[in-house]
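Novice:
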Amino acid sequence: MKDFTKSSGWKKFQNGFVRVAGKISGNRLLLTLRDTFVLVAATTMIAGFAIMIQNVIIDPMNGLIFGKQGLGLGKLIAGSWSNWEQSGFYNGLKTIANLIALVSNGTLNIFALLLVVIFSYEVSRKFFIDKAEHMTDVLFGLGAFFICIPWNFNYAIPNTKKTVDVLNYIDTQYLGTQGVFAAILISGFAVWIYNKIAQKNITIKLPDSVPPAVAQSFSSLIPGSITLGIFIILTGISTACTGKTMPALFLSVLQAPALAISRTGAFAFVSQFTWSLLQWFGIHPSSIWGAIFGMT
Numbered sequence: 001m002k003d004f005t006k007s008s009g010w011k012k013f014q015n016g017f018v019r020v021a022g023k024i025s026g027n028r029l030l031l032t033l034r035d036t037f038v039l040v041a042a043t044t045m046i047a048g049f050a051i052m053i054q055n056v057i058i059d060p061m062n063g064l065i066f067g068k069q070g071l072g073l074g075k076l077i078a079g080s081w082s083n084w085e086q087s088g089f090y091n092g093l094k095t096i097a098n099l100i101a102l103v104s105n106g107t108l109n110i111f112a113l114l115l116v117v118i119f120s121y122e123v124s125r126k127f128f129i130d131k132a133e134h135m136t137d138v139l140f141g142l143g144a145f146f147i148c149i150p151w152n153f154n155y156a157i158p159n160t161k162k163t164v165d166v167l168n169y170i171d172t173q174y175l176g177t178q179g180v181f182a183a184i185l186i187s188g189f190a191v192w193i194y195n196k197i198a199q200k201n202i203t204i205k206l207p208d209s210v211p212p213a214v215a216q217s218f219s220s221l222i223p224g225s226i227t228l229g230i231f232i233i234l235t236g237i238s239t240a241c242t243g244k245t246m247p248a249l250f251l252s253v254l255q256a257p258a259l260a261i262s263r264t265g266a267f268a269f270v271s272q273f274t275w276s277l278l279q280w281f282g283i284h285p286s287s288i289w290g291a292i293f294g295m296t
């Protein structure tokens, strides 16, 4: 009986699959996305542990240890749930839970902002290797992002049908997970524009006697100004044509549909099937799927 794995047709398929998968896994953009999300993943893990401790262990009313839905130690300690809610131990646990919740302010609630910083740096490092200073790109990636996010928005008052116009304050929802696509697209495009302009030597030249740090700041003035100016124009066009800022537009057009697809059974099947298939061919699956999982 002929061994199927040694047939010429199978060999051709295997070689072609490995070649295509190798090109995909070696793509600089996918590598940049993968490395970015790997670095940011540490903050999400910290947030996950903090939320677990807060809700499972510390929460005095709904946690699994002291709460009604768990072991109910609160009632055993105080004698009744009403006495438990009035006890100092309850208030102490509630204070600790509120303090632990602050971890989210430095992790999940600024997830998009962290992506802007790391993705700008990774794009600069991988696509513009010859640059002496990559942090300048991070500066303009951040600047472009803050130009694009809304500073005026409508706030819906909870439990009412009223809304309030909030002026000169950042809509913080786009600093968190809802701004993922905006963070990647805006910062990546900003770094690309800035470096393309800088490569054309459209810069301010200073004498060699000027300290390098000072010369670097002056050389970035024109490319940086043009880059930020482009994003001011793009923000104006987006708002005028769609009534939405760029992050809101990316959320509705790109991120929301991508999240919906990622929650389907078909997506789960394809990702898990190809994960094993890639491993079988000796290709590390995270090099291909890592960036996709990070964005969804």
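The sequence shown begins at 1 in the UniProt record's numbering and counts up by one.
All C-beta atoms, glycine included, are put in the ideal place defined by N, C-alpha and C.
In this text, all values refer to a predicted model and were calculated from it rather than measured experimentally.
Beta carbon of Gln54, beta carbon of Ile110: below 8 Å?
Specialist: The answer is no: Cβ separation not under 8 Å.
Novice: Can you confirm whether the region 124-131 touches the region 88-100 when touching is taken to mean that 3 or more C-beta pairs between the two stretches lie within less than 8 Å?
Specialist: They do not touch, by the three-pair rule.
Novice: Could you give the C-beta distance for residue 313 and Ser220, rounded to a whole number, given that I count them as a contact under 8 Å?
Specialist: Outside the shown range of the chain, which is 1 to 296, sits residue 313, and nothing can be said about it.
Novice: Tell me residue 298's beta-bridge partners as DSSP assigns them.
Specialist: One cannot answer for residue 298 here, as it falls past the ends of the chain, which runs 1 to 296.
Novice: Are Thr245 and Ser238 closer than 8 Å when you measure CB to CB?
Specialist: The answer is yes: Cβ separation under 8 Å.
Novice: Considering Cα atoms alone, identify which of Leu31, Tyr169 and Ala198 is closest to Glu133.
Specialist: When only C-alpha atoms are compared, the closest one is Ala198.
Novice: Taking the alpha-carbon positions, what's the Leu249 to Lys205 distance?
Specialist: Each residue's alpha carbon lies about 39 Å from the other.
Novice: Apply the 10 Å Cβ neighbour rule to Asn159 and answer buried if 16 or more other Cβ atoms are within range, or exposed otherwise.
Specialist: Asn159 comes out exposed.
Novice: Quick one, are the C-beta atoms of Thr43 and Leu114 less than 8 Å apart?
Specialist: Taking 8 Å as the Cβ cut-off, Thr43 and Leu114 qualify as a contacting pair.
Novice: What whole-angstrom Cβ distance do Trp151 and Tyr174 have, given they're in contact under 8 Å?
Specialist: Trp151 to Tyr174, Cβ: 11 Å. No contact.
Novice: For Val117, which residues from the same chain have a beta carbon less than 6 Å from its beta carbon, with the 5 sequence-adjacent residues on both sides left out?
Specialist: Counting only Cβ-Cβ distances below 6 Å, and skipping sequence neighbours, we find Val138.
Novice: Is it the case that the Cβ atoms of Phe140 and Thr242 are separated by a distance below 8 Å?
Specialist: No.
Novice: If you compare alpha carbons, which of Lys94, Ala190 and Leu73 is closest to Gly143?
Specialist: Among Lys94, Ala190 and Leu73, the Cα nearest to that of Gly143 is on Ala190.
Novice: Three-state secondary structure (DSSP) at Glu133?
Specialist: In the structure shown, Glu133 sits in coil (DSSP, three-state: anything other than H, G, I, E or B).
Novice: Only counting the same chain, and skipping five residues up and downstream in sequence, which positions put a Cβ closer than 7 Å to that of Leu108?
Specialist: Closer than 7 Å at the Cβ level, and outside the excluded window around Leu108, lie Thr44, Ala47, Gly176 and Thr177.
Novice: In whole angstroms, what is the alpha-carbon distance linking Gly146 and Ala182?
Specialist: One detail in the question is off: residue 146 reads as Phe in this sequence, not Gly. Each residue's Cα considered, the two are about 11 Å apart.
Novice: Give a yes or no on whether the C-beta atoms belonging to Gly70 and Gly63 are separated by under 8 Å.
Specialist: The answer is yes: Cβ separation under 8 Å.
Novice: Along the chain, where does the alpha helix (DSSP H) containing Phe181 start, and where does it finish?
Specialist: Element bounds for Phe181: Val180 to Gln199.
Novice: Under 8 Å by Cβ, that's how I've got Thr172 and Phe119 pegged, so tell me the actual separation to the nearest angstrom.
Specialist: Between Phe119 and Thr172 the Cβ distance is about 19 Å, and since that is not below 8 Å, they are no contact.
Novice: Going straight from the alpha carbon of Ile65 to that of Lys75, what length do you get?
Specialist: The alpha-carbon atoms of Ile65 and Lys75 are separated by roughly 11 Å.
Novice: Where in the region 213-255 do unbroken runs of the alpha helix (DSSP H), each at least 4 residues long, occur, reported from the N-terminal end onward?
Specialist: As far as the region 213-255 is concerned, its whole alpha helix (DSSP H) runs of at least 4 residues are 221-242 and 246-250.
Novice: One question on the structure: do Cys148 and Phe231 come within less than 8 Å of each other, judged by their Cβ atoms?
Specialist: For Cys148 and Phe231, yes; Cβs fall inside 8 Å.
Novice: If you run the structure through DSSP and keep just helix, strand and coil, what is Ala291?
Specialist: Because Ala291 carries a pLDDT of 46, less than 50, the predicted location of this residue cannot be relied on, and the following value inherits that uncertainty. DSSP places Ala291 in helix when its eight states are reduced to three.
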